[in-house]
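Data first, discussion second: the structure below is written as structure tokens.
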Amino acid sequence: MAAALALSMLIAVAAPQAQASSRLSLKTARIPTGSMPPAARARITLESFARCVLQRNPKGVERALAMPMSSAGQQAVAALATNECMGTSGDYDSSRLSLNARLLRGALYAELVRRRVDLDTAPPAETPDLTLGASPDDAAAQRHVALVRFGDCILRRDPKTAIHFVRENAETDAEAKDVAALVPSMGACVDQGAKVELSKPIVEAAVAEAIYLNTNAARAAGNS
Numbered sequence: 039m040a041a042a043l044a045l046s047m048l049i050a051v052a053a054p055q056a057q058a059s060s061r062l063s064l065k066t067a068r069i070p071t072g073s074m075p076p077a078a079r080a081r082i083t084l085e086s087f088a089r090c091v092l093q094r095n096p097k098g099v100e101r102a103l104a105m106p107m108s109s110a111g112q113q114a115v116a117a118l119a120t121n122e123c124m125g126t127s128g129d130y131d132s133s134r135l136s137l138n139a140r141l142l143r144g145a146l147y148a149e150l151v152r153r154r155v156d157l158d159t160a161p162p163a164e165t166p167d168l169t170l171g172a173s174p175d176d177a178a179a180q181r182h183v184a185l186v187r188f189g190d191c192i193l194r195r196d197p198k199t200a201i202h203f204v205r206e207n208a209e210t211d212a213e214a215k216d217v218a219a220l221v222p223s224m225g226a227c228v229d230q231g232a233k234v235e236l237s238k239p240i241v242e243a244a245v246a247e248a249i250y251l252n253t254n255a256a257r258a259a260g261n262s
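All residue numbers for the sequence shown refer to our numbering, where the first residue is 39 and numbers rise by one.
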């Protein structure tokens, strides 16, 4: 219960600051106007940006996401951030934005889940390989693998809510309900005594990657 309570408090905070080496400096971005917290605007912008990137370069997205979250993997995600998906229109204003490569990766996985995974999809009985070939000696890549395993644990405890959470648009009431419903699963998926700081974008990224890797593994098994 204590872990679940701590997570419920931490989940509301803004996305953690990224290391300088993993940030993508973008000239302009489409940011929704109106009175909302900066972190909420950033999430909505990132969701819109990921949707555009996937529409324009689906093969490039799949190649980048097939790599582990190593330095090369982060660079592959960074290379997807082109100016074609920047600009202004309608309800959006131009503004400077820095995107975290790790969160962009998660947003791309989330968009793939929205497009390709049904709400009633169940994960396979056996957990697939979630490492994407990450080197055991690559500390950054292994930290990412641990995060995806955390997402896989949440998925297996409450598949329908986890998938609904990822498929929902960012910063909506429906998403907030899903987060609240998943707090017990998050608490149960954290090692006892571990100090964990999470945000909605981080949890979404972990769960989205776990959903997508599980779905691909199930489809591959069905076609073999």
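Where is the CB? At the ideal position from N, CA and C, for every residue including glycine.
Secondary structure of residue i, DSSP reduced to three states
i, result
"Asn-138", "strand"
"Met-224", "helix"
"Gln-112", "helix"
"Asp-176", "coil"
"Leu-146", "helix"
"Gln-93", "helix"
"Asp-156", "coil"
"Glu-242", "helix"
"Asp-216", "helix"
"Pro-197", "helix"
"Asp-167", "coil"
"Asp-229", "coil"
"Asn-207", "coil"
"Ser-237", "coil"
"Arg-83", "Here the sequence assigns Thr to residue 83, which means Arg is not the residue at that position. Three-state DSSP puts Thr-83 in a helix."
"Arg-120", "In the sequence under discussion, the amino acid at residue 120 is Thr, which differs from the Arg named in the question. In this structure, Thr-120 counts as coil in the three-state DSSP scheme."
"Ala-104", "coil"
"Pro-161", "coil"
Own chain partners of residue i with C-beta closer than 6 angstroms, once the 5 adjacent residues on each side are dropped
i, result
"Ala-78", "Glu-209"
"Asp-176", "Ser-108"
"Val-115", "Ala-102, Ala-139, Leu-142, Arg-143"
"Ala-212", "Glu-206"
"Ala-300", "Any question about residue 300 goes unanswered here, given that the chain covers just 39 to 262."
"Met-105", "Gly-111, Ala-114"
"Ala-256", "Pro-162"
"Phe-188", "Cys-227, Ala-244"
C-beta atoms of residue i and residue j nearer than 8 angstroms
i, j, result
"Pro-162", "Asn-254", "no"
"Leu-168", "Asp-190", "yes"
"Glu-242", "Ala-102", "no"
"Leu-185", "Ala-244", "yes"
"Val-204", "Val-151", "yes"
"Thr-199", "Ala-178", "no"
"Ala-145", "Leu-84", "yes"
"Val-172", "Val-155", "Per the sequence shown, residue 172 should be read as Ala rather than Val. Cβ distance not < 8 angstroms, so Ala-172 and Val-155 don't count as in contact."
"Val-217", "Lys-238", "yes"
8 angstroms contact criterion, which residue i and residue j should meet: CB distance rounded
i, j, result
"Ile-201", "Ile-249", "6 angstroms"
Residues near residue i by beta carbon distance below 8 angstroms, same chain, minus five either side
i, result
"Ala-117", "Gly-98, Ala-102"
"Arg-89", "Glu-149"
"Pro-174", "Gln-180"
"Leu-157", "Lys-198, Ile-201, His-202, Arg-205"
CB contact check: residue i to chain C, cutoff 8 angstroms
i, result
"Ser-237", "Absent from the structure: chain C. Only one protein chain is present."
Other residues of its chain near residue i: CB distance less than 7 angstroms, five sequence neighbours each side excluded
i, result
"Glu-100", "none"
"Ser-223", "Ile-192, Arg-195, Asp-196"
"Ala-246", "Gly-144, Tyr-147, Ala-148, Val-151, Val-204"
"Glu-122", "Arg-94"
"Gly-260", "none"
"Pro-166", "Leu-251, Asn-252, Ala-255"
"Lys-215", "none"
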